[in-house]
Every structure is written in C-alpha cells, then in structure tokens.
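Numbering (the numbering used here), first residue to last: 12 to 175.
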C-alpha cells in the first residue's frame, strides 16, 4: 500500500510536469483539437500498458507499468476539464462538471466486472485477477481511445461554436 501510494504521488507530479509543456506545444500545433487528441492518445497508451501488465513477471515490473500508466492518466485527466469547458455552453458548465463527476463515479462497476471475470478464470489461469484486469483494461481503454480519436472533428466544431 505504501509503495502504491508513493508511486501514485510521484506519478501524479510527473504527469503534471510532463503534461503541461506537452499540451502547450500541442496547443500551438493542432489548436482546438489538442485536448481530445491528448485524451485519445493517453487512453491508447494506457490500454497498451494494461495489456503489458498481463505479461509482467514480477512485482517490480507491475509497479513500473502501473507508475507509467498513472503518469499518463494524470496527463489525460488534465485534458478533461478543457474538453468539458469547450463543449458546454457557459450557462450549463457547472451542471456538465457535476454530471461528469457522477458518471466518473460509475466507473466503480469496473471493479465488479474484473472480480466477476477473475472468479470465472480461477481454475483456468495462475493469476486470474491480473489477467482479467489486464484484458478488461486493455479493451475498455482501446475502445475509449478509438471513440475519442474518431470524435476529434466533431469536438472541434462544437468547441468553435461554443467559444464564439
């Protein structure tokens, strides 16, 4: 627990330290699409790392992968408020943030899904929890990356309309 907490703290600071200059540079290069682009790339990278966790052979490898994934997660998290702000009309922004927070809490269902799959794999594989979390994380993050990637043009048009 202490290692995970320390790693989470370090990853959060690292994500912020790396994310700010990267997003500033990307903002100059790709404009309004930057936050949705960053989010889609981060989800893709996190999905690949989730897949790699299934192949980890020892605990230090898992810690390293989790730390990198958490760092990338911080960068993705930094893009979300900008995305919501650019999509919501001024008079609805507080409600949009409240709804997104509530929907984010619904992500707790992933723990139930991982446990359910893990229980089904118990007699089949050596580390059922690791494999179920890795597979479910990979598929979910990959789907999220694809959906955000495909929505970049729509996001840009909505952001232009909302900010004009």
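Where is the CB? At the ideal position from N, CA and C, for every residue including glycine.
Asked	Found
Length of the line joining the Cα atoms of residue 16 and residue 89	20 Å
Three-pair Cβ contact test at 8 Å for the stretch 14–29 versus the stretch 78–85	yes
Start and end residues, alpha helix (DSSP H) containing residue 40	13–41
Validate contact between the stretch 29–49 and the stretch 63–79 using beta carbons, cut 8 Å, 3 pairs	no
Opening and closing residue of the alpha helix (DSSP H) in which residue 52 lies	45–64
Residue burial classification, residue 145 (beta-carbon count within 10 angstroms, cutoff 16)	buried
Cβ neighbour criterion (16 or more within 10 Å) applied to residue 56	buried
Span of the alpha helix (DSSP H), counted from its first residue to its last, around residue 87	70–98
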